Amino acid sequence: MKKYIIYFGILLVGLLLGWLIFGDSSKKEAEHNHNEVSETNQMWTCSMHPQIMQPEPGDCPICGMDLIPAESGSDGLLADQFKLTKNAMALANIQTTIIGNGNVDGNTIKLSGKIAENEEANAVQVSYFSGRIERLNVSFTGEDVRKGQLLATIYSPELYAAQQELITASSLKESQPTLYKAVRNKLKLWKLSENQINQIEETGKVKENFPVYATVSGTVTEKLVEQGDYIKQGQQLLKIANLNTVWANFDVYENQIDFFKKGQEVLVTTNAYANKEFKGKVDFIEPILNTKTRTVTLRVVLNNKNDVFKPGMFVTANIERVSRSNDEVLTIPASAVLWTGERSVVYLKTNPDQTVFEMREVVLGNQIGNEYEVLEGLFVGNEIVTNGTFTVDAAAQLKGKKSMMNKDGGKVMTGHEGHLGMDNNASKKESDHANMNERLTGSEKFQEQLKVVYNDYIKLKDALVKEDSKNTSDNATSLLNNLSKVDMKLLTDNNAHTHWMSLVKEIQSSATFISKTSDIKEQRDHFKHLSSHLINAVQLFGVKEKVYVEFCPMADNNNGAYWLSKVEKVINPYFGEAMLTCGEVKQVIE
Numbered sequence: 001m002k003k004y005i006i007y008f009g010i011l012l013v014g015l016l017l018g019w020l021i022f023g024d025s026s027k028k029e030a031e032h033n034h035n036e037v038s039e040t041n042q043m044w045t046c047s048m049h050p051q052i053m054q055p056e057p058g059d060c061p062i063c064g065m066d067l068i069p070a071e072s073g074s075d076g077l078l079a080d081q082f083k084l085t086k087n088a089m090a091l092a093n094i095q096t097t098i099i100g101n102g103n104v105d106g107n108t109i110k111l112s113g114k115i116a117e118n119e120e121a122n123a124v125q126v127s128y129f130s131g132r133i134e135r136l137n138v139s140f141t142g143e144d145v146r147k148g149q150l151l152a153t154i155y156s157p158e159l160y161a162a163q164q165e166l167i168t169a170s171s172l173k174e175s176q177p178t179l180y181k182a183v184r185n186k187l188k189l190w191k192l193s194e195n196q197i198n199q200i201e202e203t204g205k206v207k208e209n210f211p212v213y214a215t216v217s218g219t220v221t222e223k224l225v226e227q228g229d230y231i232k233q234g235q236q237l238l239k240i241a242n243l244n245t246v247w248a249n250f251d252v253y254e255n256q257i258d259f260f261k262k263g264q265e266v267l268v269t270t271n272a273y274a275n276k277e278f279k280g281k282v283d284f285i286e287p288i289l290n291t292k293t294r295t296v297t298l299r300v301v302l303n304n305k306n307d308v309f310k311p312g313m314f315v316t317a318n319i320e321r322v323s324r325s326n327d328e329v330l331t332i333p334a335s336a337v338l339w340t341g342e343r344s345v346v347y348l349k350t351n352p353d354q355t356v357f358e359m360r361e362v363v364l365g366n367q368i369g370n371e372y373e374v375l376e377g378l379f380v381g382n383e384i385v386t387n388g389t390f391t392v393d394a395a396a397q398l399k400g401k402k403s404m405m406n407k408d409g410g411k412v413m414t415g416h417e418g419h420l421g422m423d424n425n426a427s428k429k430e431s432d433h434a435n436m437n438e439r440l441t442g443s444e445k446f447q448e449q450l451k452v453v454y455n456d457y458i459k460l461k462d463a464l465v466k467e468d469s470k471n472t473s474d475n476a477t478s479l480l481n482n483l484s485k486v487d488m489k490l491l492t493d494n495n496a497h498t499h500w501m502s503l504v505k506e507i508q509s510s511a512t513f514i515s516k517t518s519d520i521k522e523q524r525d526h527f528k529h530l531s532s533h534l535i536n537a538v539q540l541f542g543v544k545e546k547v548y549v550e551f552c553p554m555a556d557n558n559n560g561a562y563w564l565s566k567v568e569k570v571i572n573p574y575f576g577e578a579m580l581t582c583g584e585v586k587q588v589i590e
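Counting in full-length UniProt numbering, the sequence shown runs from 1 upward without gaps.
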């Protein structure tokens with residue numbers, strides 16, 4: 001019996017030892033297998049192209065950079081939030097700023113406007129009697145005339161008859177003085193001088209043709225008749241403007257009206273004289289609001305004795321705003337704001353310790369210098385993107401988050417995604433979604449004028465591809481010329497007006513730099529800024545054709561830069577032959 005008990009005890013000890021040894025090994029094997037599965041699920045992405053997702057490390061198929069481990073899971077992010085890697089932040093030079101209250105006293109408000117004739121100094125030259133123009137001494141508009149200068153010679157049958165009446169009445173002036181005075185007064189009503197009337201009376205000869213003299217000095221702005229025309233008494237012959245002083249008319253939106261008053265000092269600048277400032281004072285603020293544009297006209301009278309200003313010329317005014325009580329306002333840099341439709345958006349960094357971002361819609365007030373007042377959407381202490389905003393927005397679009405032109409989220413198709421084997425139905429669905437961009441109200445004529453500017457930009461871009469600095473400069477000059485012809489009055493929407501005036505100033509600045517330098521590197525540096533603002537303009541207003549927004553991550557010292565193209569094929573203007581095909585399509589604007 002003892003023998004069996006001993007055998008049974010040995011068996012139990014053996015089982016216990018086996019469990020301790022092999023059970024722990026199985027557990028370790030299970031843990032090892034779990035870790036292998038976890039590592040197998042690791043995905044790899046590119047810091048500059050977050051849409052790239054591969055199951056193993058390697059090189060980015062777009063830019064060739066080393067892939068990095070992708071963030072696993074949602075990491076607790078909300079639906080509208082997205083995260084950028086620190087590497088991507090550094091490469092794109094994305095900078096953020098914590099905003100707070102700023103006192104705007106002493107800052108200036110910039111207004112855009114046009115030069116117009118001083119209507120108070122304008123005159124209309126008329127004929128005081130009817131007849132036929134035998135000779136017209138003014139050949140063209142723009143001709144200068146002096147007061148007392150002979151403008152025209154007119155044959156007048158009724159004036160001929162009146163002269164004969166004077167000669168007859170002069171022989172009866174002793175017996176019929178009343179008749180004599182009446183005939184003389186009749187001629188005076190036709191603006192004949194005392195000397196002319198006396199000469200007719202003394203010589204007893206009737207003049208067939210009578211001269212018309214200028215009553216003012218100035219510049220002929222309009223010819224209303226031609227030589228040989230028959231005219232009536234009081235008919236207008238010429239319009240003459242005295243351009244020694246001119247008006248600068250600026251549009252002021254209704255929420256800005258109380259910032260201005262008559263007599264304020266104004267500094268006016270124009271692209272024609274980029275390094276000069278001209279002083280003036282607010283002379284008039286229109287009392288009636290234009291219900292279509294929601295603006296009033298602010299008028300400044302400028303001295304123009306040196307013929308600096310031409311009617312129709314674009315000008316910018318810097319005006320010290322009138323301070324108000326409680327003038328503490330929240331302001332943000334203009335570089336932080338992206339415009340889309342009726343919305344203004346910024347990108348908010350939601351966590352000070354993480355590179356997590358979220359699009360935030362804001363309501364803006366006045367532009368004061370290089371900053372905007374914020375009326376709604378942000379609070380003191382918020383941290384927002386102030387440099388590289390467009391790059392952050394592109395990342396949001398690629399990740400399918402809410403973005404500048406994609407209000408409700410969902411991925412926007414890029415050229416790269418189009419080449420990665422999307423089927424036709426999926427591609428069409430993404431493309432349709434991409435076309436649901438909000439666009440500001442503008443007439444077809446405005447779009448056609450903007451398209452001329454866009455075509456000049458494309459020629460400029462092609463010249464950079466060829467590294468042809470002269471043609472680059474020439475095309476920038478042509479762009480500036482056609483930009484000045486874009487009529488912002490075709491924009492009837494108040495919001496569209498504001499956006500266009502803000503954009504046109506930036507486009508002018510960048511294009512002017514390009515036109516004035518022959519250094520291809522400097523031209524490319526300013527081309528980056530020109531492209532950024534023109535992309536915004538094309539997105540907001542459209543040019544009635546498909547436009548490709550393309551991006552090179554290696555441009556601008558690896559900070560990345562965008563440009564516009566008429567074709568999907570990438571032809572890089574920042575490197576030319578050195579890296580001709582570097583880049584990808586980021587967005588398609590219909």
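In this text, a Cβ means the ideal position worked out from N, Cα and C, and glycines have one as well.
Note that the structure is predicted; figures quoted are calculated from it, not measured.
task = For the alpha helix (DSSP H) containing L151, list its first residue and its last residue.
result = As a first step, residue 151 is located in the sequence shown; it is residue number 151 there, counting from the start. It is not in any alpha helix (DSSP H) - L151 instead sits in the beta strand (DSSP E) that spans L150 to Y155.
task = Could you say which of Y180, V549 and N303 lies nearest to E165 if we only look at CA atoms?
result = As a position in the sequence shown, residue 165 is number 165, starting the count at 1. The closest CA to that of E165, considering only Y180, V549 and N303, is found on Y180.
Of the residues L530, A463, E444 and A121, the one placed nearest N480, counting alpha carbons only = By one-based count along the sequence shown, residue 480 stands at place 480. One point to set straight first is that residue 480 is Leu, not Asn, in the sequence displayed. Among L530, A463, E444 and A121, the Cα nearest to that of L480 belongs to L530.
request  = Taking only the alpha-carbon atoms, compute the straight-line gap between I200 and E158 and give it to the nearest angstrom.
outcome  = Position 200 of the sequence shown, counted from the start, is the residue given in the question as residue 200. Position 158 of the sequence shown, counted from the start, is the residue given in the question as residue 158. Straight-line Cα distance between these residues: approximately 15 Å.
request  = Could you tell me whether the Cβ atoms of P210 and S112 are closer together than 8 Å?
outcome  = The residue labelled residue 210 in the question sits at position 210 within the sequence shown. The residue labelled residue 112 in the question sits at position 112 within the sequence shown. Contrary to the premise, residue 210 reads as Phe rather than Pro in this sequence. No, the pair does not count as a contact, with Cβ atoms beyond the cut-off.
ask   = Since V543 and Y454 are thought to touch, with beta carbons under 8 Å apart, how far apart are those beta carbons, to the nearest angstrom?
value = The residue labelled residue 543 in the question sits at position 543 within the sequence shown. The residue labelled residue 454 in the question sits at position 454 within the sequence shown. Their Cβ separation, rounded to whole angstroms, is 5 Å, which keeps V543 and Y454 in contact under 8 Å.
key: Residues near H526 by beta carbon distance below 6 Å, same chain, minus five either side   = As a working mapping, residue 526 is identified with position 526 in the sequence shown. Closer than 6 Å at the Cβ level, and outside the excluded window around H526, lie S510, F513 and I514.
task = Could you tell me the boundaries of the alpha helix (DSSP H) in which I200 lies?
result = Reading the sequence shown from its first residue, position 200 is the one you call residue 200. That run of the alpha helix (DSSP H) goes E194 to T203.
task = Taking K223 as part of the beta strand (DSSP E), name the residues at either end of that continuous run.
result = As a first step, residue 223 is located in the sequence shown; it is residue number 223 there, counting from the start. Following the DSSP letters along the chain, one finds K223 inside the beta strand (DSSP E) bounded by residues G218 to K223.
key: 8 Å contact criterion, which P57 and W44 should meet: CB distance rounded   = As a first step, residue 57 is located in the sequence shown; it is residue number 57 there, counting from the start. As a first step, residue 44 is located in the sequence shown; it is residue number 44 there, counting from the start. With a beta-carbon spacing of about 5 Å, P57 and W44 fall inside the 8 Å limit used to define contacts.
query = For P287, does the count of other Cβ atoms within 10 angstroms reach 16, so buried, or fall short, so exposed?
reply = Looking up residue 287 in the sequence shown gives position 287. P287 should be labelled exposed.
task = Give me the Cα-Cα distance between I520 and V547, rounded to the nearest whole angstrom.
result = If you number the sequence shown from 1, residue 520 lands on position 520. If you number the sequence shown from 1, residue 547 lands on position 547. Cα to Cα, the separation comes out at about 25 Å.
task = Flag this pair as touching only if the segment 248–268 and the segment 118–126 have three or more C-beta atom pairs under 8 Å; answer yes or no.
result = no
query = Which one of G377, A274, T203 and H499 has the shortest CA to CA distance from W339?
reply = Residue numbering aside, residue 339 sits at position 339 when the sequence shown is read from its first letter. Across the set G377, A274, T203 and H499, the C-alpha of H499 shows the shortest separation from the C-alpha of W339.
key: Whole-angstrom C-beta distance between V486 and L450, which should lie under 8 Å   = Position 450 of the sequence shown, counted from the start, is the residue given in the question as residue 450. Position 486 of the sequence shown, counted from the start, is the residue given in the question as residue 486. The Cβ separation is near 6 Å, so the contact holds.
query = Within this structure, are the beta carbons of K261 and V282 separated by less than 8 Å?
reply = Numbered from its first residue, the sequence shown carries residue 261 at position 261. Numbered from its first residue, the sequence shown carries residue 282 at position 282. Yes.
inquiry  = Does Y372 come out as helix, strand or coil in the three-state DSSP assignment?
reply    = Residue numbering aside, residue 372 sits at position 372 when the sequence shown is read from its first letter. In this structure, Y372 counts as strand in the three-state DSSP scheme.
inquiry  = Does A248 pass the burial test, meaning 16 or more other C-beta atoms within 10 Å, or should it be called exposed?
reply    = In the sequence shown, counting from the first residue as 1, residue 248 sits at position 248. Classification of A248: buried, given that the 10 Å Cβ count is 16 or more.
ask   = In chain order, what residues of the same chain have a beta carbon less than 6 Å from the beta carbon of A555, not counting five sequence neighbours either side?
value = For the purposes of this step, residue 555 is taken as the residue at position 555 of the sequence shown. Here the set comprises A561 and Y574.
inquiry  = Please report the distance separating the alpha-carbon of T153 from that of L302.
reply    = Position 153 of the sequence shown, counted from the first residue, corresponds to residue 153. Position 302 of the sequence shown, counted from the first residue, corresponds to residue 302. So the alpha carbons of these two residues sit roughly 36 Å apart.
key: Whole runs of the beta strand (DSSP E) within the segment 270–295, excluding any shorter than 3 residues   = List check, beta strand (DSSP E) in window: 273–285.
message = Rounded to the nearest angstrom, what separates A463 and L151 at their Cα positions?
response = As a position in the sequence shown, residue 463 is number 463, starting the count at 1. As a position in the sequence shown, residue 151 is number 151, starting the count at 1. If I take the Cα positions, the gap works out to 51 Å.
ask   = Relative to the alpha-carbon of N352, which residue among T97, Q54 and T108 has its alpha-carbon at the smallest distance?
value = Position 352 of the sequence shown, counted from the start, is the residue given in the question as residue 352. In the sequence as presented, Asn is not what sits at residue 352; that position holds Pro. It is T97.
task = From the DSSP output, read off the bridge partner residues of residue 592.
result = Outside the modelled stretch of the chain, which goes from 1 to 590, sits residue 592, for which no answer is possible.
request  = Just tell me which of K466, I257 and L348 has its CA closest to the CA of V380.
outcome  = Counted from its first residue, the sequence shown places residue 380 at position 380. Comparing Cα-Cα distances from V380 to each of K466, I257 and L348, the minimum goes to L348.
key: Paired residues, beta bridge with I589 - DSSP   = Residue mapping note: residue 589 aligns to position 589 of the sequence shown, counting from 1. Looking at the DSSP assignment, I589 forms a beta bridge with V547.
query = Residues bridged to S344 by DSSP?
reply = Taking the sequence shown and counting its residues from 1, the one referred to as residue 344 is at position 344. According to DSSP, which records beta bridges pairwise, S344 is partnered with W339 and V362.
C-beta atoms of A336 and V385 nearer than 8 Å = As a first step, residue 336 must be located in the sequence shown, where it is residue number 336. As a first step, residue 385 must be located in the sequence shown, where it is residue number 385. Yes, the pair counts as a contact, with Cβ atoms nearer than the cut-off.
C-alpha gap between K186 and K110, whole angstroms = Along the sequence shown, one-based indexing puts residue 186 at 186. Along the sequence shown, one-based indexing puts residue 110 at 110. Looking at the two C-alpha atoms, the distance is approximately 57 Å.
request  = Report buried or exposed for S72, applying the criterion of at least 16 other Cβ atoms within 10 angstroms of its Cβ.
outcome  = Numbered from 1 along the sequence shown, position 72 holds the residue referred to as residue 72. Annotation note: pLDDT 46 at S72 (below 50); position unreliable, no value reported.
query = How is Q264 classed by DSSP in three states: helix, strand or coil?
reply = Position 264 of the sequence shown, counted from the start, is the residue given in the question as residue 264. Note: Q264 maps to coil in three-state DSSP.
key: Close-in-space but distant-in-sequence residues of the same chain around K147 (CB under 6 Å, 5 per side omitted)   = The residue labelled residue 147 in the question sits at position 147 within the sequence shown. Within the same chain, and ignoring the five residues on either side of K147 in sequence, the residues whose Cβ sits closer than 6 Å to its Cβ are A214, V216 and S217.
ask   = For the UniProt domain "DUF3347" (453–545), which segments carrying the alpha helix (DSSP H) assignment without a break, of at least 4 residues, lie completely within its bounds, in sequence order?
value = 469–483, 494–516 and 520–541
request  = Pull up the CB-CB distance for A241 and E117, whole angstroms please, since I reckon it's below 8 Å.
outcome  = Indexing the sequence shown from 1 puts residue 241 at position 241. Indexing the sequence shown from 1 puts residue 117 at position 117. The pair is a contact, with the Cβ atoms about 5 Å apart (cut-off 8 Å).
ask   = Can the beta-carbon of Q227 be found less than 8 Å from the beta-carbon of S127?
value = For the purposes of this step, residue 227 is taken as the residue at position 227 of the sequence shown. For the purposes of this step, residue 127 is taken as the residue at position 127 of the sequence shown. Result no, Cβ atoms of Q227 and S127 do not sit closer than 8 Å.
message = Going by DSSP, what residue range makes up the beta strand (DSSP E) through T178?
response = Your numbering for residue 178 matches position 178 in the sequence shown. No beta strand (DSSP E) holds T178; the alpha helix (DSSP H) holding it covers P177 to L189.
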